[in-house]
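These protein sequences, in sequence, are chains A and B.
What the first sequence shows, in this note's numbering, is residues 300 to 443, in sequence order.
What the second sequence shows, in this note's numbering, is residues 300 to 443, in sequence order.
All C-beta atoms in this analysis are idealised placements derived from N, C-alpha and C, irrespective of residue type, glycine included.
To start, the structure itself, in structure tokens.
There are 2 protein chains.
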Amino acid sequence: MRARLSRENSMGWMIQRLARRLDDAMNARLAEHGLTLQQFAILMTVIEHGRMTQAEIGRLFAMPAYAISRAIDGLEADGLLVRDAHPSSRRAHQIHATEKALDMAPAMFAIVKAVNADLTQGLGDKEAGELRRLLATVVETAAI
Amino acid sequence: MRARLSRENSMGWMIQRLARRLDDAMNARLAEHGLTLQQFAILMTVIEHGRMTQAEIGRLFAMPAYAISRAIDGLEADGLLVRDAHPSSRRAHQIHATEKALDMAPAMFAIVKAVNADLTQGLGDKEAGELRRLLATVVETAAI
DNA sequence: TCACAACATTTGCAATTGCAACAGTTGCAT
DNA sequence: ATGCAACTGTTGCAATTGCAAATGTTGTGA
């Protein structure tokens, strides 16, 4: 039996493939709510974190400012987020979630939960915990 | 101390963040060779697998046909891949790597190796193996 | 206090990507 | 054989994304 192609078992490769599948799964479920994954991430963050500026969101996701600007354009048009004047800076905006967004939140969290469950369904609780721990280590210690 | 934001430790979230960093790291290194990550993936596959059609490549990566078509346009322009007539079908092309591509291959494999090493530098050999095993399980068993 | 660098956000334009339609080829059931 | 659905690959056009410049604001050091 010939050897597996080297890339198939490489960690980077597996991570990228899984990320792509997660992306597709999340986008499919979010499309029903008219959201992209990016918008969803911003929305959830603002809901959890409370009022924050666009730059803060950008730093959190390592996303360029213009992407935040445009994503929020969409979320604002959907009535989920609003840009307020910042209390201490006239250049920054303070973003916060609307009632409508808060009403939507439970459904959003349910999506995250369901997708994560689908992802780990082949693993026992113990293995899932171990995987979570190892991934967290890599997230913190990787040199890239 | 208040609880961590729920999403920070979710497995899907960590995988997506790592994938993004891997993507950036690979693209930065590949840019020196004038390749995108997509082109690189196709190139490596053709080098390892030998002659194959565009549709076969597409199925392997779950990539749309037009993306393959355009990526190969670039690789062909760079003199790394060529489209031959397929011996048994007039609609399919047989793609294969040029000498130039084969000469480049060692440098390409070195990049993969280096990035994977950077990724797992915070893990011991045993932990890295365990992580690889768990990820492989998820790749095979996930419901998404 | 004034010049200047850094910051927060937006936007015009170019490059990239995705969708859908197209052109040609093949297999298969009638 | 022939009509049709499925397949292989390409392309025009629209949507999305990314870069870089613009606009206005703030902090800081001479």
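Leu329/B and Phe360/A have their C-alpha atoms spaced approximately 24 Å apart.
Within the segment 373–427 of chain B, the beta strand (DSSP E) runs of at least 3 residues that lie entirely inside it are, in chain order, 380–384 and 392–396. For Arg320/B, the number of other beta carbons within 10 angstroms of its own is at least 16, and it is reported as buried.
Contact check for Val345/B against His392/B fails: the beta carbons are separated by 8 Å or more. Not a single C-beta of chain A is nearer than 8 Å to the C-beta of Met407/B. With fewer than 16 other Cβ atoms from the protein chains shown falling within 10 Å of its own Cβ, Gly349/A counts as exposed.
With its beta carbon at least 8 Å from every one in chain B, Glu331/A lies outside the interface. Residue Thr436/A holds the alpha-carbon nearest to the alpha-carbon of Ala427/B among Ala366/A, Thr436/A and Gln420/A.
Under DSSP, Met351/B forms a beta bridge with Ile394/B. Chain-ordered, the chain A residues with CB closer than 8 Å to the CB of Glu426/B read Leu433 and Thr436. Val438/B sits away from Gly311/A, with the two beta carbons spaced by 8 Å or more. Within its own chain, the residues whose Cβ lies closer than 6 Å to the Cβ of Ala324/A, once the five positions on either side in sequence are excluded, are Val414, listed in chain order. By the beta-carbon neighbour count (other beta carbons within 10 angstroms, threshold 16), Ala400/A is buried. Using beta-carbon distances, Gln337/B does not count as an interface residue toward chain A, since no partner is under 8 Å.
Within chain B, the residues Gly311 and Ile443 have their CB atoms less than 8 Å from the CB of Val414/A, given in chain order. DSSP places Met310/A inside the alpha helix (DSSP H), whose first and last residues are Met310 to Ala330. Not a single CB atom of chain B sits nearer than 8 Å to the CB of Gly349/A.
Going by C-alpha positions, Thr397/A is about 13 Å away from Ile371/A. Its chain contains Leu430 as the residues whose beta carbon lies nearer than 8 Å to that of Leu422/A, once the 5 sequence neighbours on both sides are disregarded; these appear in chain order.
Here the alpha carbons of Leu334/B and Lys412/A stand approximately 37 Å from one another. With a 10 Å radius around the Cβ and a threshold of 16 neighbouring Cβ atoms, Thr419/B comes out buried. Taken residue by residue, none of the segment 390–401 of chain B has a beta-carbon sitting less than 9 Å from a beta-carbon on chain A. Contact between Ala318/A and Ile443/B is ruled out by a C-beta separation of about 11 Å, above the 8 Å threshold.
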